[in-house]
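Visitor: Listed in order, the protein sequences are those of chains A and Y.
Going by this note's numbering, the first sequence opens with residue 14, and the numbers climb by one from there.
Going by this note's numbering, the second sequence opens with residue 2, and the numbers climb by one from there.
Glycine included, every Cβ here is placed at the ideal spot set by N, Cα and C.
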Amino acid sequence: MIRKVFICQVLLPAFRCRSHGISWGFAVVVSVLLGWSVQLCRAADQERVDFNQQIRPILSDKCFHCHGPNAEDREGGFRLDDKASALGEADSGAHPIVPSDPKSSEVYQRLITDDSDLHMPPVDSKKNVTKEEIATIRTWIEQGAPWEGHWAYSPPCLPSVPAVRQKAWPRNAIDHFVLARLEKLDIKPSPEAKKAALLRRVTFDLTGLPPTPDEVAAFLADDSPDAYENVVDRLLASDCYGEHMARFWLDAARYGDTHGLHLDNYREMWPYRDWVVRSFNGNKPFDQFTIEQLAGDLLPNPTDDQRIATGFLRCHVTTNEGGSIKEEVYVRNVVDRVVTIGTVFLGSTLECTRCHDHKYDPFTMKDFYSLFAYFNSMDGNEMDGNRKDPPPTLRILTAQQKQEIASLRGDVKNVKAELRKQLAAVEYHEPDDSKLGKVVEEVQRIWVDDEVPTGAKESEPWKWVTTPKPVLSGKRATTRTAMGRSQHFFEKAKEPLVVEKQQLLFAYVYLDPDNPPKEIMMQWNNGTWEHRAYWGANVIDWGKNGKASRRHKGDLPPAGEWVRLEVSVGDVGLKPGDKVHGWAFTQFDGTVYWDKIGVTTRRTVYSSLAGWAKDQRAAGANGLPKDIKSIVKLEMTKRTDAQKKQLLDYFLQHVYAPSRKTFDSLQARIQAAEQKIAAIEKAGPTTLVFREAKKQKPAWILERGEYDQHGLKVERATPAGLPPLPQGVDNDRLGLAKWLVTPNHPLVARVTVNRFWQHVFGVGLVKTAEDFGSQGEVPSHPDLLNWLAAQFVKDGWDVKRTVKRMVMSATYCQTSRAAPARYQRDPENRLLARGPRFRLDAEMLRDQALAISGLLVEKLGGPSVKPPQPDGLWFAVGYSGSDTVRFKPDTDPKKTHRRTLYTFIKRTAPPPELSTLDAPSREACTVRRERTNTPLQALLLMNDPQFVEAARALAAKVMSQAGPDARGRATRMFQLATCRLPDELELKQLLAAYRDHLVAFRKDAKAAEQLVQANRAKAELDPSELAAWTMVANLVLNLDEVVTKN
Amino acid sequence: MDPIREYVQSMTRRHFLSRSAMGLGSAALAGLLPPTGGAGEPAKRSGGLPGVPHFAPKAKRAIYLFMAGAPSQMDLFDYKPEMDKLFDKDLPESIRMGQRLTTMTSGQKRFPIAPSKFEFKQHGRSGAWVSELLPYTAKMVDDIAIVKTLNTEAINHDPAITYICTGHQLPGRASLGAWLSYGLGTLNENLPTFVVLTASWTGRKEAQALFNRLWGAGFLPSKYQGVSLRSKGDPVLFLANPKGVSPATRRRMLAALDRMNQDTLERYGDPEIQARIAQYEMAFRMQTSVPELTNIAGESKHVLDMYGPDVTKPGTFAASCLLARRMAERNVRFVQIFHRGWDQHGNIGGDLPNQCRDVDQPCHALIQDLKQRGLLDDTLVVWGGEFGRTVYCQGKLTRENYGRDHHPRCFTVWMAGGGIKPGVVYGQTDDFSYNIVDNPVHIHDMNATILHCLGIDHQRLSFKWQGLDVRLTGVEPHQPVKAILA
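This is the structure we're talking about:
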């Protein structure tokens, strides 16, 4: 009896979470029933006290704090997480536990003593060991105190599959483990689910989407023994499988589209999301999946994909808050990496060990900072710079883009060869008198025409127009429309303008006659932007008026025509030799077009190398490339032959009048090709990656977890309580990744299969998917977990095979219909005596609505999209200067109707559909979602415009496809949503609802119009009927059966 | 007959029929609470943890007026007359003691003292010093307890505001309001348990960000997260029916949904279905109760005047305070109003008076209004930000204008109402409002105090997460501030 009640205690937390989701009064009833029923079942199950199931949880929760792994807090000189110490001698000389002898076991005596000074746990600990727990401990000691290592820390071995009485039931090994337990408890498994229900369930579990009516029909018609397996194989092969599996992983990897802290600016990271999808679809073995994410960059000759994978280490939130202390930010980022890896791969709560040795599990602070040392040497700034691509990043190009670039590079190579050939052909003779070869010439250099200069960074993507809008030269002109002061610019051009005397900066401008500006301004950057010229009113107050920082150049030019504006370099304070690498175009109000921007240089043209070189030397050789400059500066006699040749080549290409024109055009071709290459490269997305710094950063134990409190210096090392690094690997990130996926690693395979189990069955075999330690829950089916983990490794970490094994089991195929007593006995279905039944996740709910209404756009990958959400959600919280302070919804259905996986996640204000339905904000690693049931969810599913849109589309769909008969339409609608035909009662209710709505909408035609107006494409449908069906669809989409995986 | 059906029908048929007969609409409407008359009216609790509150609470509900960005304590409450003589003198090293600064000022060559340009006077029986910027607050010093020695470790906004609101500097933890919902449950099922308002402001335009995590549920189930009450669009997300769907249409749809879900319950036997049915009914009730809450047409002119001219502009701090009072009347457990724009790195002379004007009169009105309705006795009100500001100047210093950087070592908050001893000034800072001389109050101590007023022992309200019993107030020992408790 004692044992029985104890089990009830252990399971109590399990139902407690569940009870958040249901009404309170009900939860109390359930809890009482659950406690008793399970306890009765388990009583027959246990003859001996099970150390891991029954004793360790008590010791951990009540004793480890002072008698556990943490040496600093240890009292009495003994520990109860360690057999030798527990059975040995304490400081006092007493023996904590003496097998078979409770009277001599100090632990037991301290539990039962009346002396409050001696009683354990101490009163001020606020911990209490129940009478039942004490009795269990006594029984265990009486039974010889058999000790076992913590279940999660021994390598999973393939246990033998237990025998069962109902030999016909099992379909695979899983069923043997499940049934063996049920038989011990004398519980019968549930019958198999109906085919349609099973198809809907498995389609959701493998793809996150409902089956199509055709798929349902095909499956119902297929009586072959392989029918179900064929469906499973089809689903596993579908691209939607990877999208669905990726979603869980992205919760764990804490993937988001913004940095997550302070400004919370945009972060371009979606190539990593797509890599995860591809990996699941390609069934990348989980060991490889792990290695690439933790150390893809360290693999030999890493591919783009392997480098993208390291984004896992960069998904953590980052900041660039003004005033932040770099070292503190650096420590936080690295800690996040370590803690996430602890949760995702080790199922361990490493965060505890940031500040002290773990109080429950075998991890020390030294272990923590030794792991820290693997992840602290990133080649980049740990502050995000508020940019979308804080380095290290990888730019990703498509195969086509890569090919295009290769072809352009080929062009460049050819032109360069041509150039060399031409050079060799020039016959140059130095004139006798070097003074003769000199004339003055005006040369115009176009710097911006259709593209910004090579390598230049734009303030924002420039807006370009083509004819019929005003364009002066080339294919397009840049433009801007503003209210008040507004500008666009480029800076950091790869080849700056080198200022020479008498140069004129010019640009052509066209002012919109219908919307002229008050003022226009140009501005140049030679390291600062304090060089401005303006035309028109003096309303832009940058710089000092009348000075080089704000020079008035006249009235606004006439509108409606192209006008050339010129500014001499001296006017705006630019000096010879200055390198101008940026140009800005500012305006106050109005619409302005700019085109053909550049500089006119009056320069001397030479036909004598000696004369040119002499003049250059005298002028300081400014503006020449470095190597040429140094040659020019050498005295003629000191130049080597090679230098002479180099100088001559330069002269012939760039200066010598008779040959320069030929070379100018060749150079222009090279430049054009290079600009194109740069433009292609710039168009490719970037993604954050991890790259190891050349020099490894030192790591210390940080006292109390404080970034600036360096303790003992530590080296890279795996936790002492786990197996060592395998032979033959380097002690670096790659070695650590390989260590995680060594076959004898006790945790990784268990933790991973448990998460897959959780995806499919709703609750993991270990409910605390994030914590396999002493404070986590013990597995409901320890041998099954062992078997699955060992088999997973044996199968070469084959994910699809493992998932397939789960959904092929008879356990999975059971119906979820059960007598209420069964639900009450085991609300979370931990015994697996019925099929899984849970509310669909946020993403599945939206995807389902889009799918069955026919709106869903199935497209794999790409940038995140912004389906509409209520106004002001970002603005209410966003930092004023953030680039995500204002939400601008996408309007193209190709974007707004994509799977929820692709919805843009601003982490400080996540999409309401996701956060209302329990999806995490992605600010921190999450491996288990809670499932709640709230009125706000009901409001969302009824009224969110996206769900209303889906209802309208579903209504229109059945009206056009299911004939004129209301019965047929209602049947079709119900069938689309549930995958089964309605029964007579259901049909009656749907039809009654339809008729009621129709009567009302006929009376109020305006209301009908309002409800259906957005569906313009369906103009031929009667608005009242469409409105009435829309309400029926709204009803159907809210049915419990539809929002639930049954 | 199907045994599942049989069982469920025997359990629910009578209830189901009786409700159907009444019609969902009337049942729902009958359950809708009229505005309550005030304190003392017994409200039925639902949800929450057994055994919580741990002891008889002084406050049943709380309103937290959060000044995001960090108000300058020495320009508002922490009067430092000695500073006047030290204008533009360097902050003595003996005061700063090499403490870390944000990198916004750590590079400054000098740390010149910027005395407050504002006048201070003593007020009330307590003799509390209050700056001329807060004339209304000054009038009620005998209603409130001023704590001058709050302190924190975080020196930047994001970590600091996350810390004070969720007990931890990094994202992922449950917010104060989520803890209260989780522990105490609700007293009014027709309104959210924890409501958040983000008010407009008129001080520094470039305001620090807020984050949904500040009222998030963190590791707690998401049903405990704060619900934003918005001033534009739907007050509660997706509250309004789509255009063309009248309340009658919605009721018709819900009646059918109810019947069909009952049928599913009979089919499957899963009690979760029953919970879902209840949630839809509650959603329908919210469609009435929330608009009723936000409609202030019935407020008297006298009351509106008390809150000042902004009260009729939706989204202002004054309007938010009035709504907070209306929610207190309706037993909403926790209301948090975030007012931004307090990050005065520069232009204290220009921006701070505007910020104060936003909040001063409404704060006073809220306290008086609650008092007049007998609600102040069991409603806790808290005013404060995430840290303080430095006595030394950031940027250009003149007598008339200056800026102040972040200062975590001391700042001022005030508390009032249920559980708080009124007319108290607690804690003493040094002459520079830089270090604490007497009675430090860590932000965890303040959160422990808030919980205490609501009948919760902060050490015993915990949630098992990642193997630990996690608390709002962290692992180090902290305690409620006894001296300000009534």
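Check the DSSP bridge columns for Y/Q337 and list the partner residues they point to.
Guide: Y/Y65 and Y/V197
Visitor: What does DSSP give as the partner residues of A/T614 in its beta bridges?
Guide: A/V456
Visitor: Out of Y/K122, Y/L87, Y/A179 and Y/T150, point me to the one whose CA is closest to Y/R472's CA.
Guide: Y/A179
Visitor: How many angstroms separate the CA atom of Y/W415 from the CA atom of Y/A146?
Guide: As the crow flies, the alpha-carbon of Y/W415 is around 5 Å from that of Y/A146.
Visitor: Based on the DSSP output, what are the partners of Y/I145 in its beta bridges?
Guide: When DSSP reads this structure, Y/I145 sits in a beta bridge with Y/A417.
Visitor: Rounded to whole angstroms, what's the CA-CA distance from A/A631 to A/K695? Just pull it up for me.
Guide: The alpha-carbon atoms of A/A631 and A/K695 are separated by roughly 41 Å.
Visitor: Which residue comes first and which comes last in the alpha helix (DSSP H) that contains A/T216?
Guide: K208 to T220
Visitor: Taking 8 Å as the cut-off, does the segment 964-983 of chain A touch the segment 254-269 of chain Y (at least 3 CB pairs, one atom from each stretch)?
Guide: no
Visitor: Does A/H163 pass the burial test, meaning 16 or more other C-beta atoms within 10 Å, or should it be called exposed?
Guide: buried
Visitor: Touch check for the segment 195-206 of chain A and the segment 219-226 of chain A: three-plus C-beta pairs under 8 Å?
Guide: no
Visitor: Could you tell me if A/A686 is buried or exposed, where buried requires 16 or more neighbouring beta carbons within 10 angstroms of its beta carbon?
Guide: Buried is the call here.
Visitor: Within its chain, find whatever has a CB closer than 6 Å to the CB of A/D264; leave out the 5 residues flanking it on each side and keep chain order.
Guide: Only P933 and T939 meet the Cβ criterion.
Visitor: Any contact of the segment 232-247 of chain A with the segment 838-847 of chain A, i.e. 3+ C-beta pairs under 8 Å?
Guide: no
Visitor: Going along the chain, which residues of its own chain have a beta-carbon closer than 6 Å to the beta-carbon of A/T781, five neighbours each way excluded?
Guide: G789 and E790
Visitor: Cβ atoms of A/G734 and A/V742: under 8 Å apart, would you say?
Guide: no
Visitor: At a CB-CB cut-off below 7 Å, which residues of chain Y make contact with A/T947?
Guide: K224 and Q280
Visitor: Kindly indicate which three-state DSSP category Y/Q280 falls into: helix, strand or coil?
Guide: helix
Visitor: Could you say if the segment 910-918 of chain A and the segment 293-313 of chain A meet the contact criterion of at least three C-beta pairs nearer than 8 Å?
Guide: no
Visitor: DSSP on A/F28, reduced to helix/strand/coil?
Guide: Its pLDDT being 33, under 50, A/F28 is placed unreliably by the model, and nothing is read from it.
Visitor: So Y/L353 and Y/L134 are in contact, right, with Cβ under 8 Å, and what is the actual spacing, rounded?
Guide: 6 Å
Visitor: Just the chain A side, please: which residues come within less than 8 Å of Y/R260 by C-beta, in chain order?
Guide: Identification of chain A residues near Y/R260 by a Cβ-Cβ cut-off of 8 Å yields Q1002, ordered along the chain.
Visitor: Applying a beta-carbon distance threshold of less than 7 Å, which residues of chain A neighbour Y/I274?
Guide: D1053
Visitor: So within the segment 607-653 of chain A, which uninterrupted alpha helix (DSSP H) runs reach at least 4 residues, ignoring any that extend past its ends?
Guide: 622-631 and 639-646
Visitor: Please report how far the alpha carbon of Y/N296 lies from the alpha carbon of Y/A320, in whole angstroms.
Guide: Cα to Cα, Y/N296 sits roughly 11 Å from Y/A320.
Visitor: Thinking Y/L192 and Y/V336 are a contact (beta carbons under 8 Å), I'd like their distance in whole angstroms, please.
Guide: No, Y/L192 and Y/V336 are not in contact; Cβ-Cβ is about 10 Å, not under 8 Å.
Visitor: If I follow the unbroken beta strand (DSSP E) through Y/L238, where does it start and stop?
Guide: Segment: none, Y/L238 is in no beta strand (DSSP E) and carries neither H nor E.
Visitor: For Y/G386 versus Y/M68, is the C-beta spacing smaller than 8 Å?
Guide: yes
Visitor: If the cut is a Cβ gap below 9 Å, which residues of chain Y does A/C365 touch?
Guide: Q467, G468 and L469
Visitor: Look up A/S44 in the DSSP assignment and say whether it is helix, strand or coil.
Guide: Its pLDDT being 36, under 50, A/S44 is placed unreliably by the model, and the measurement read from it follows with that caveat. Note: A/S44 maps to helix in three-state DSSP.
Visitor: Buried or exposed for Y/D159, please, with buried defined as at least 16 other CB atoms from any protein chain shown within 10 angstroms of its CB.
Guide: buried
Visitor: What are the boundary residues of the alpha helix (DSSP H) that Y/V53 is part of?
Guide: Looking at the DSSP string, Y/V53 is not in any alpha helix (DSSP H), and its letter there is neither H nor E.
Visitor: Spatial neighbours of A/A210 within its chain, please: CB distance less than 6 Å, with the 5 preceding and 5 following residues excluded, ordered by chain position.
Guide: N1059
Visitor: Listing by chain order, which chain Y residues have their CB less than 7 Å from the CB of A/S866?
Guide: Those within 7 Å of A/S866 in chain Y number zero; the least Cβ separation is about 15 Å.
Visitor: In chain Y, what lies closer than 8 Å to A/M1044 by C-beta?
Guide: In chain order: V246, T250, R253 and M254.
Visitor: Measure from the C-beta of A/N956 to each C-beta in chain Y and report whether the shortest distance is under 8 Å.
Guide: yes
Visitor: To be precise: take each residue of the segment 399-412 of chain Y, compare its Cβ to all Cβ atoms of chain D, and keep it if any distance is under 9 Å. Which residues remain?
Guide: The structure shown has no chain D; the protein chains it does contain are A and Y.
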